[in-house]
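Step one of this worksheet: look at the structure below.
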Amino acid sequence: MTTQAGLFPALLKHWRSQRGLSQLDLALAADVSSRHISFLETGRSAPSQEMVLRLANTLDVPLRHTNAMLEAAGFPAYYQDTEMQQGLDALPDEIRHALDLMKRHHEPYPFIVLDSHYNVLDVNLGTLKLFELTMPALSDTLLSGHRSLDELPTLNLVSFTFMPGGPYTHIENFDDVGQALLWRLQREVLANPEDHTLRELLEDTIKLPTVSPDWRKVDLTRPSLPSLLIHIKVQHEVLRFVTLITSFQTPQSTLLDELRIETWLPADTNTATIYQRLTSNPS
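Residue numbers (my numbering): 1 to 283.
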């Protein structure tokens, strides 16, 4: 077993501090003694593989960083480490089949598969239809005439939402939606401070003129909402959707751990009826 001297203690202390826990708090949550936590953080004791996994799970450390903690303690990576750039093709067949089934069954309402940096990996036809109904010129630019979901260009959902002249002009309650989305991003950066790509996305977004100065400092006393109500103006109608972001509960690979699914559901029967009518008409 080859350890990287001093690195595991530093990583353990770092993640404990990021989660706002004392050594005693972590010890109680992980069901170990506070003395053992102290010895691990000072390097007086070396952890077992099981202990590293237990502490990382207790601290809700992302799987990619859990592997880094294991390697720092002298153990091999436990979770399959796949770069997100490889896309959904790197997922196991059963997971890709499940995503495809979910995508098709969610029609005609929007269904978007994202990575942890809000890059769009896949969408269903209902999502493409929403682009066409709200921003036909922009839709043509984004899709370059393609209608194959495999040929979607790189698109970041956060950057796209806040883009001047973009979707925000069709979101009637953008003050609520924009603030909630930005604060969600800020909380994710706070929860995963080692993710420099996510931090850069936040910094770039804050500079956009569509971001109100009042949103730029997150209010940590307000809870993060599990869902978001969005009012979209489509032609002469206002559609009301509830959007949800979900993730896999027990991922066994870094790629699966970083996958997000955004689903749109009609918030009322009027929205369901109108959107089904709009999407049933040919473009």
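Ideal Cβ positions, reconstructed from N, Cα and C, are used throughout, including at glycine. On a predicted model such as this, the values are computed, not experimentally measured, just so you know.
Exposed or buried, what is Glu-200 when buried is set at 16 or more other beta-carbons lying within 10 Å of its beta-carbon? exposed
Can you round the beta-carbon distance between Leu-26 and Thr-58 to whole angstroms, since I take them to be within the 8 angstroms contact cut? Yes, Leu-26 and Thr-58 are in contact; Cβ-Cβ is about 7 angstroms, under 8 angstroms.
My assumption, with CB atoms under 8 angstroms, is that Leu-88 sits in contact with Leu-121. Please give the rounded CB distance. 6 angstroms
By the three-class DSSP mapping on this structure, what secondary structure does His-146 have? Model confidence at His-146 stands at a pLDDT of 48, short of 50, so the residue's coordinates are unreliable and nothing is read from them.
Where do the ends of the alpha helix (DSSP H) carrying Trp-215 lie? Run containing Trp-215: none; DSSP gives neither H nor E here.
Same chain, Cβ closer than 6 angstroms to Arg-147, five either side skipped, listed in chain order: The pLDDT assigned to Arg-147 is 49, lower than 50, so where the model puts this residue is not dependable; a value taken from the coordinates is nonetheless given after this. Residues of the same chain with a CB within less than 6 angstroms of the CB of Arg-147, apart from the 5 flanking positions on each side, do not exist.
Can you pull the DSSP bridge partners for Val-120? Leu-114
Where does the unbroken beta strand (DSSP E) through Leu-244 begin, and where does it stop? 237-246
Given 8 angstroms as the limit, is there contact between the segment 209-221 and the segment 41-61, that is, 3 or more CB pairs closer than that? Contact between the segment 209-221 and the segment 41-61 is absent, because fewer than three Cβ pairs lie under 8 angstroms.
Grouping DSSP H, G and I as helix and E and B as strand, with all else coil, what is Leu-201? Look at Leu-201 here: in three-state DSSP terms it is helix.
Please determine if the segment 108-116 and the segment 36-44 are in contact, where contact requires at least 3 C-beta pairs separated by less than 8 angstroms. The segment 108-116, when compared against the segment 36-44, does not touch it at the 8 angstroms Cβ threshold.
Buried or exposed: Gln-186, going by 16 or more other Cβ atoms within 10 Å of its Cβ? buried
Is Ser-227 helix, strand or coil when you go by DSSP? Residue state, collapsed to three classes: strand.
State the start and end residues of the unbroken beta strand (DSSP E) segment that holds Glu-352. The chain is shown only over 1 to 283; residue 352 falls outside these bounds and no answer can be derived.
What residues are listed by DSSP as bridge partners for Val-234? Glu-237
Using the C-alpha atoms, what's the distance from Val-61 back to Ala-29? 14 angstroms
Three-state secondary structure assigned by DSSP to Asn-156: strand
Would you decide whether Ser-116 is buried or exposed? Buried here means 16 or more other CB atoms lie within 10 Å of its CB. buried
If the criterion is Cβ atoms closer than 8 angstroms, does the pair Ala-272 and Leu-229 meet it? no
Within 10 angstroms of its Cβ, does Asn-119 collect 16 or more other Cβ (buried), or is it exposed? buried
To the nearest angstrom, how far is it from the Cα of Glu-291 to the Cα of Tyr-79? This structure leaves residue 291 out entirely; the chain is present only between 1 and 283.
Hey, could you find the ends of the alpha helix (DSSP H) Asn-270 is sitting in? 269-280
Arg-19 lies in the alpha helix (DSSP H); which residues open and close that run? Careful: Arg-19 lies outside any alpha helix (DSSP H) and carries neither H nor E.
By a C-beta neighbour count over all protein chains shown, 10 Å radius and 16 as the cutoff for buried, is Ala-68 buried or exposed? buried
If you check the beta carbons only, do Phe-160 and Gly-178 fall under 8 angstroms apart? no
Would you call Asp-257 buried or exposed, if buried means 16 or more other Cβ atoms sit within 10 Å of its Cβ? Classification of Asp-257: buried, given that the 10 Å Cβ count is 16 or more.
Given this structure, state the Cα-to-Cα distance separating Arg-19 from Ala-191, to the nearest angstrom. 7 angstroms
Residue closest to Gln-235, alpha-carbon to alpha-carbon, out of Leu-130, Pro-92 and Phe-75: Leu-130
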